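S.K.: Quick one: structure below, then a few questions.
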Amino acid sequence: MAIRFMVRDGTLVQTANELSNRDFNQAAIDVRRPGASGRISGHTTGHGLCYGVTHLDGVTAYYDPDELTADGVPLDQLHMAAEVHES
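Put into structure tokens, the structure is as follows:
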């Protein structure tokens with residue numbers, strides 16, 4: 005399945021209070037922040053879709069869509085809604 009829906013760069017997001025740290029190396033884990041806000045600053049698809057989030061201090065960390073919310077809605081739910089709408 006091709007990923008067609010993306011949350012736009014600059015979107016304000018909140019990270020989950022508990023992060024799974026699955027499939028991330030130690031350097032990536034070290035900069036991930038539970039319960040923090042930031043803005044989407046890119047994405048990668050190396051192990052499935054992950055979003056870069058730049059936090060207020062300028063540090064960028066990567067998160068799975070189910071670890072982020074925008075306006076209180078989990079990003080993975082936004083992706084599912086977009087897939088249903090496209091079919």
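For the sequence shown, our numbering begins at 5 and goes up steadily by one.
All residues carry an ideal CB built from backbone N, CA and C; glycine is no exception.
This one's a predicted model, so the numbers in the text were calculated from it and none came from an experiment.
#1: In this structure, what does DSSP give as the bridge partners for Ser24?
#2: Could you give the uninterrupted runs of the beta strand (DSSP E) lying entirely in the stretch 34-90, keeping only those of 3 residues or more?
#3: For Pro38, I'd like the list of residues in its chain whose CB is within less than 7 Å of its CB, leaving aside the five on either flank, ordered along the chain.
#4: Give me the Cα-Cα distance between Asp13 and Asp27, rounded to the nearest whole angstrom.
#5: State the start and end residues of the unbroken beta strand (DSSP E) segment that holds Val17.
#6: Using 7 Å as the limit for Cβ to Cβ distance, is Asn29 near chain D?
#7: Spatial neighbours of Ser45 within its chain, please: CB distance less than 7 Å, with the 5 preceding and 5 following residues excluded, ordered by chain position.
#8: With a threshold of 6 Å (Cβ to nearest heavy atom), would Glu71 be considered close to the ligand ZN?
M.R.: Answer, in terms of the structure:
#1: Ser24 has no beta-bridge partner at all, per DSSP.
#2: Scanning the stretch 34-90 for uninterrupted beta strand (DSSP E) segments of 3 residues or longer gives 41-48, 54-59, 64-67 and 72-74, listed from N- to C-terminal end.
#3: Contacts found: Thr19, Ala20, Asn21, Glu22 and Leu23.
#4: Rounded to whole angstroms, Asp13 to Asp27 spans 23 Å at the Cα level.
#5: Looking at the DSSP string, the run of the beta strand (DSSP E) that includes Val17 is Leu16 to Thr19.
#6: No chain D is part of this structure, which consists of one protein chain only.
#7: So the qualifying residues of the chain are Asp13, Gly56, Val57, Thr58 and Thr64.
#8: By its list of ligands, the structure shown contains no ligand whatsoever, and the ligand ZN lies outside what it can speak to.
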